[in-house]
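Structure, as structure tokens:
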Amino acid sequence: KQEVTQIPAALSVPEGENLVLNCSFTDSAIYNLQWFRQDPGKGLTSLLLIQSSQREQTSGRLNASLDKSSGRSTLYIAASQPGDSATYLCAVDPGTYKYIFGTGTRLKVLA
Amino acid sequence: EADIYQTPRYLVIGTGKKITLECSQTMGHDKMYWYQQDPGMELHLIHYSYGVNSTEKGDLSSESTVSRIRTEHFPLTLESARPSHTSQYLCASSEFDPRPSGNTIYFGEGSWLTVV
């Protein structure tokens, strides 16, 4: 059974720092992996999607990488800002279109 | 930009009441989902649909039911609400897109249900 884990569970950094969020999955047979942002009491907003054949995707200050063989993905946030404060979740699609979500990393960027 | 809407956003009801959470999307997506999320916890899939008249239960057992009579509409119903049903319910939809950025899943804002 696919399990998705995110480390750390919470992170607090000063503004301007570059940071890395980690996502691990137990079964490498995935169709794609997606990173989301969730603000308190709100739904999820898609940030980046990486297909299984891809190594990384970039959008603005965000860069996501995927290493299927080791079951890992990282989300790199450059020059963090207070507006980046949110919970970040990763999710894998095992090919059934039924995403399996990680537990999330709660990020707080201090001004 | 995603267009997926959930109503109500917040609902407080008494035990034993029947409730329906509405979800609509205007993107023509054939796949729709209901996830349940307790505060600070992970999302669990409770229902999904691959298209009209196609519904299946997800990995997390739920006493709720769903229907998919129209592509754009995927309501979730609880026949008799209990305090254990108190949670946030998130509706989502997706459509296969052959472009590299394809198969994105889009979420609504969520419905917060409190059963007293």
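Residue numbers (my numbering), protein chains in the order written: chain F, 246 to 356; chain H, 138 to 253.
Don't be surprised by glycine CBs; every beta carbon is placed ideally from N, CA and C.
When Cβ atoms are compared, which residues of the segment 282–298 of chain F fall closer than 8 Å to chain H? 286, 287, 288, 289, 290, 291, 294 and 296
Got a sec: is the Cβ-Cβ distance from residue 140 of chain H to anything in chain F below 9 Å? no
Quick check on residue 255 of chain F: buried or exposed, where buried means 16 or more other Cβ atoms within 10 Å of its Cβ? exposed
Could you check the C-alpha separation between residue 289 of chain F and residue 282 of chain F for me, to the nearest Å? 6 Å
Under 9 Å from the C-beta of residue 230 of chain H: neighbouring residues of chain F: None at all; the shortest Cβ gap to chain F is about 11 Å.
In the DSSP assignment, what residue or residues form a beta bridge with residue 316 of chain F? Paired residues: none, contrary to the question.
Rounded to the nearest angstrom, what separates residue 342 of chain F and residue 286 of chain F at their Cα positions? 25 Å
Residue 242 of chain H touches chain F at which residues, Cβ-Cβ below 9 Å? Those within 9 Å of residue 242 of chain H in chain F are 279, 281, 289, 291, 294, 336, 338, 342 and 344.
Can you grab the Cα-Cα spacing for the pair residue 173 of chain H / residue 356 of chain F, in whole Å? 33 Å
Could you tell me the boundaries of the beta strand (DSSP E) in which residue 197 of chain H lies? Counting along the chain, residue 197 of chain H falls outside any beta strand (DSSP E), and DSSP gives it neither H nor E.
Return yes when the Cβ of residue 319 of chain F is within less than 9 Å of the Cβ of residue 268 of chain F, no when it is not. yes
Closest Cβ-Cβ distance between residue 350 of chain F and chain H: below 9 Å? For residue 350 of chain F, the answer is no, since every Cβ of chain H falls outside 9 Å of its Cβ.
How would you label residue 140 of chain H, buried or exposed, when you count the other beta carbons within 10 angstroms and need 16 or more for buried? Within a 10 Å sphere around the beta-carbon of residue 140 of chain H sit fewer than 16 other beta-carbons, which makes this residue exposed.
Apart from the five residues just before and just after residue 330 of chain F, which ones in its own chain have a Cβ nearer than 7 Å to its Cβ? The beta carbon of residue 330 of chain F is closer than 7 Å to those of 352, 353 and 354 in its chain, skipping five residues each way along the sequence.
Just to confirm, are residue 224 of chain H and residue 170 of chain H a CB contact at a threshold of 9 Å? no
What three-state label does DSSP hand residue 338 of chain F in the structure shown? strand
Residue 347 of chain F touches chain H at which residues, Cβ-Cβ below 7 Å? 179
Which one of F:311, F:257 and F:334 has the shortest CA to CA distance from residue 346 of chain F? Considering only alpha carbons, the answer is F:334.
Rounded to the nearest angstrom, what separates residue 203 of chain H and residue 312 of chain F at their Cα positions? As the crow flies, the alpha-carbon of residue 203 of chain H is around 37 Å from that of residue 312 of chain F.
Residue from H:227, H:168, H:177 and H:152 whose Cα sits closest to the Cα of residue 193 of chain H: H:168
Strictly below 7 Å CB to CB, what residues from chain F border residue 168 of chain H? 342
Tell whether a beta-carbon distance below 9 Å holds between residue 162 of chain H and residue 185 of chain H. no
Since residue 277 of chain F sits in a beta bridge, which residues does DSSP pair it with? F:296 and F:338
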